[in-house]
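Colleague: Taken in order, these protein sequences are the chains called A and B.
Numbered according to the working numbering, the first sequence terminates at residue 410, and the numbering increases by one at each position without gaps.
Numbered according to the working numbering, the second sequence terminates at residue 1073, and the numbering increases by one at each position without gaps.
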Amino acid sequence: MAACLVSTAVLLAAAPARAQVVVVDTAHTLYHEAPTRTNMTVYTPGVDLSVNPAQWLTIRGGYEADIVSGASVAVKAGPAYAAVNPGADVISTASVNDLRHSPRGAITLRKGDVAYTAQYTYGTENDYKSHSIFVSAKTEAYEHNTQFELSYARNFDRVCDRTQAVNDRPPRFRALENSDACFADSDPLRTRHTLSIDGLQAGWTQAWTPTFATQLAYTAQILDGFQSNPYRSVILAQGLKAQEHHPENRARQAVALRANLYIRPIKVAVRIGARVYRDTWDITSGTGDIEIEKYLFEGFRVAARGRYYKQTGASFWSDDYTGGNAPLGPKGQYWTGDREVSPFSSIGLGLRLTYGIQPAKGRIIGLMTGLKVGVAADAIQFSYDEYTLGGVPITNARAYILGANLSASF
Amino acid sequence: MRNRQLLILVTLLCVAPLASCVTVKPQQRAVLADPIMQFDGDPQSAAQLRHAIDNREGSYGGGGVSGGGCGCN
């Protein structure tokens, strides 16, 4: 796929009669974490090819994958259950291996100061299929000092699950054992649920001075459908293990403000961002981040970044649904073993190096009008307030993210 | 809660027109147009990093508005 895109780019660039600009972007991310008893490694390669056959038109195609392997919690229990079952290993894990393919295509039309974009993305993996459409309109105002952007996205997703017994209710539901034959209609033990996601985003980017700009973004998202992990079970009572059961509806909102300031005397760009988030599962979060970037020599930039994140838990979160003192105990009609909806905070630190060249005349190795390469490394330390594995706190939840990207213009 | 949202909306409506008072002339945009001042300089790698982080948090959104510090792309 990547070779096909690159060769197409070279062929298009080699046609001198057409005033085309072709850009090939490729980005690769490696995520790894290995907290107590589990581990997860995800490699995400991606490539995009964009072509400008005319000034008013950009056509873009791309492909991304997620190659996932590791082990995750299959049965979650808390400290109260572990205390009445001494000696028993109340937590079980299961290996996870999956491959997600995601091709995409987009078109952007420009008229004056307005640009309209439409994109389609398809995602497929053993247990999940997704069709996503995205449309956006962007305009500039006040002598190009102001940009407004409005976008809408809609996902039509299908999630695999185990077929449950007709008379069983959620506390009796059993978890999906594996992803075999998930989308083969012939298997009576497999069923599919729908999940629709509507997302709206509005953005306002403003240049205030020759060295200071801000960006304000508002995001709203409504999810309707199956949102649990079908493979995970939660112990609800002595002898009662049930598939994770999340609410089917969720409305999410986030507001983010980012500011870019260039400090001329020391030739450093400082980016500061803040985000607040709230949803109908009662999760509230705040995020603050800062990035400092500087040219070390022409075209070569180095950036250091830091991020702090803190969230409250979902209203139905409990580390143990079988009992115990508050905040343990049952929480109504839903249950989860998902640490991402538990209260926690995280601190991230990262470094990014970028080198870009764009010769004023001529081409790089006779072919490219511009070239940019970048590498990044980030580490995130998670601190879980309540989440445990059978009463054992997770103190070594540390994620490492490595990234590399290359962009070539022809 | 609804009053607070209304207050934020009214504040935004009052602040937004201030943008019309700002004039950064084209010849003053050299710094704003530099890659170092772009909000999403590498959109694809930024999206992948966001994807990795979103999958570990209960939150979502507020990022990914394309464009940069300069109204010239």
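Ideal Cβ placement from N, Cα and C applies to all residues, glycine included.
1) By alpha-carbon positions, which one of A:Q215, A:V73, A:G61 ends up nearest to A:G390?
2) Give the range of the alpha helix (DSSP H) segment to which B:L1049 is assigned.
3) Compute the Euclidean distance between the alpha carbons of A:Y120 and A:G46, then round it to the nearest angstrom.
4) Relative to the C-alpha of A:A251, which candidate in A:A269, A:R363, A:Y277 has its C-alpha closest?
5) Is it buried or exposed, A:A256, if we count other Cβ atoms within 10 angstroms and call 16 or more buried?
6) The region 272-286 of chain A: which residues have C-beta closer than 7 Å to a C-beta of chain B, in chain order?
7) For A:T354, which residues from the same chain have a beta carbon less than 6 Å from its beta carbon, with the 5 sequence-adjacent residues on both sides left out?
8) In angstroms with no decimal places, state the Cα-to-Cα distance between A:T163 and A:D157.
9) Are there 16 or more other CB atoms within 10 angstroms of the CB of A:L371, so buried, or fewer, so exposed?
10) Just the C-alpha distance for A:E248 and A:F226, rounded to the nearest angstrom, thanks.
11) Tell me the DSSP bridge mates of A:M368?
12) List in chain order: all unbroken alpha helix (DSSP H) runs of 4+ residues lying wholly within the region 224-268 of chain A.
13) Does A:G332 get closer than 8 Å to chain B when you measure Cβ to Cβ?
14) Whole angstroms are fine: how far does the CA of A:S95 sit from the CA of A:P86?
15) Which of the three DSSP states, helix, strand or coil, is assigned to A:T388?
16) Quick one: using the 10 Å Cβ neighbour count with 16 as the cut-off for buried, is A:Q358 buried or exposed?
17) Should A:T322 go down as buried or exposed, given a rule of 16 or more other Cβ atoms within 10 Å for buried?
18) Can you give me the Cβ contacts of A:A115 inside the same chain, cut-off strictly under 6 Å, excluding the 5 residues immediately before and after it?
19) For B:R1029, which three-state DSSP category applies?
20) Between which two residues does the beta strand (DSSP E) holding A:Y63 run?
21) What does the alpha-carbon distance come out to for the pair A:G105 and B:Y1060?
22) Given that A:E143 touches chain B, what residues does it touch there, using C-beta distances under 7 Å?
23) Report buried or exposed for B:T1011, applying the criterion of at least 16 other Cβ atoms within 10 angstroms of its Cβ.
24) Go ahead and pull the three-state DSSP assignment for A:A15.
25) With A:Y81 as the anchor, note down where its alpha helix (DSSP H) starts and where it stops.
26) Assuming A:V42 and B:A1052 make a contact with CB atoms under 8 Å, what is their CB distance in whole Å?
27) Can a CB atom of chain B be found closer than 8 Å to the CB of A:Y81?
28) Is the CB of A:R104 under 8 Å away from at least one CB in chain B?
29) Quick one: does B:R1004 have its CB under 8 Å from some CB of chain A?
30) Which residues does DSSP list as the beta-bridge partners of A:G273?
31) Measuring CA to CA, which of A:R352, A:G366, A:V166, A:D385 is closest to A:E340?
32) Would you report the Cα separation of A:W56 and A:K111, rounded to the nearest angstrom?
33) Show which residues of chain A have a CB atom less than 7 Å away from the CB atom of B:L1032.
34) Between the region 311-320 of chain A and the region 276-294 of chain A, do three or more beta carbon pairs fall short of 8 Å?
35) Sorted by chain position, which residues of the same chain lie with C-beta nearer than 6 Å to A:S151's C-beta, five sequence neighbours on each side aside?
36) How far does the beta strand (DSSP E) with A:V47 in it reach, from first residue to last?
Modeller: Per the coordinate set shown:
1) Position 390 of the first sequence, counting from 1, holds the residue named residue 390 of chain A. Here the closest residue by C-alpha is A:V73.
2) Locating residue 1049 of chain B in the second sequence gives position 49, counting from the first residue. First-last of the alpha helix (DSSP H) with B:L1049: 1043-1054.
3) As a position in the first sequence, residue 120 of chain A is number 120, starting the count at 1. As a position in the first sequence, residue 46 of chain A is number 46, starting the count at 1. Going by the C-alpha atoms only, they are around 16 Å apart.
4) What you label residue 251 of chain A is simply residue 251 of the first sequence in a count that begins at 1. That would be A:Y277, whose Cα lies nearest to the Cα of A:A251.
5) On the first sequence, position 256 is the one that residue 256 of chain A refers to. That one is buried.
6) R275, Y277, I283, S285
7) One-based indexing of the first sequence puts residue 354 of chain A at position 354. If we look at A:T354 and ignore the five residues flanking it on each side, its Cβ neighbours are R301, G374.
8) By one-based count along the first sequence, residue 163 of chain A stands at place 163. By one-based count along the first sequence, residue 157 of chain A stands at place 157. Straight-line Cα distance between these residues: approximately 18 Å.
9) Along the first sequence, read from residue 1 onward, the residue named residue 371 of chain A stands at position 371. Burial call: buried.
10) For the purposes of this step, residue 248 of chain A is taken as residue 248 along the first sequence, with counting starting at 1. For the purposes of this step, residue 226 of chain A is taken as residue 226 along the first sequence, with counting starting at 1. Approximately 6 Å, taken between the alpha carbons.
11) Walking along the first sequence from the start, residue 368 of chain A turns up at place 368. In DSSP, A:M368 forms a bridge with A:I364.
12) none
13) The count along the first sequence starts at 1 and reaches residue 332 of chain A at position 332. It does not: the Cβ of A:G332 has no partner Cβ on chain B nearer than 8 Å.
14) The residue you call residue 86 of chain A lines up with position 86 of the first sequence. The residue you call residue 95 of chain A lines up with position 95 of the first sequence. Those two C-alpha atoms are separated by around 26 Å.
15) If you number the first sequence from 1, residue 388 of chain A lands on position 388. The answer is strand: DSSP assigns A:T388 an E or B state.
16) For the purposes of this step, residue 358 of chain A is identified with residue 358 of the first sequence, where counting begins at 1. Counting Cβ neighbours within 10 Å, A:Q358 comes out exposed, since fewer than 16 surround it.
17) For the purposes of this step, residue 322 of chain A is taken as the residue at position 322 of the first sequence. A:T322 is buried by the Cβ-count criterion.
18) To locate residue 115 of chain A, count along the first sequence from 1; it is residue 115. T108, K138, listed in sequence order.
19) Translated into the one-based positions of the second sequence, residue 1029 of chain B becomes position 29. Reduced to three states, the DSSP call for B:R1029 is coil.
20) Counting from 1 along the first sequence, the entry for residue 63 of chain A is found at position 63. Segment 57-76, the beta strand (DSSP E) holding A:Y63.
21) One-based indexing of the first sequence puts residue 105 of chain A at position 105. One-based indexing of the second sequence puts residue 1060 of chain B at position 60. Straight-line Cα distance between these residues: approximately 23 Å.
22) In the first sequence, counting from the first residue as 1, residue 143 of chain A sits at position 143. Within 7 Å Cβ-Cβ: T1023.
23) By 1-based counting over the second sequence, the position of residue 1011 of chain B is 11. Per the 10 Å Cβ criterion, exposed.
24) As a working mapping, residue 15 of chain A is identified with position 15 in the first sequence. With a pLDDT of 44 at A:A15, under the threshold of 50, the modelled position of that residue is not reliable, and the figure given next carries that caveat. Residue state, collapsed to three classes: coil.
25) Indexing the first sequence from 1 puts residue 81 of chain A at position 81. Taken as a continuous stretch (DSSP letters only), the alpha helix (DSSP H) holding A:Y81 covers 79-84.
26) As a position in the first sequence, residue 42 of chain A is number 42, starting the count at 1. As a position in the second sequence, residue 1052 of chain B is number 52, starting the count at 1. So it is a contact: roughly 7 Å between Cβ atoms.
27) As a working note, residue 81 of chain A is residue 81 in the first sequence. Not an interface residue.
28) For the purposes of this step, residue 104 of chain A is taken as the residue at position 104 of the first sequence. No, A:R104 lies away from the interface with chain B (no Cβ there is under 8 Å from its Cβ).
29) Taking the first residue of the second sequence as 1, we reach residue 1004 of chain B at position 4. B:R1004 does not count as touching chain A.
30) Counting from one through the first sequence, the residue named residue 273 of chain A turns up at place 273. DSSP lists A:R258, A:D289 as partners of A:G273.
31) For the purposes of this step, residue 340 of chain A is taken as residue 340 along the first sequence, with counting starting at 1. Nearest C-alpha to A:E340: A:D385.
32) By one-based count along the first sequence, residue 56 of chain A stands at place 56. By one-based count along the first sequence, residue 111 of chain A stands at place 111. Distance between the alpha carbons of A:W56 and A:K111: 7 Å.
33) Translated into the one-based positions of the second sequence, residue 1032 of chain B becomes position 32. Chain A residues near B:L1032: A207, P210, A213.
34) yes
35) The residue labelled residue 151 of chain A in the question sits at position 151 within the first sequence. Correct list, in chain order: S136, Q201.
36) Start at 1 with the first residue of the first sequence, and residue 47 of chain A comes out as number 47. First-last of the beta strand (DSSP E) with A:V47: 39-54.
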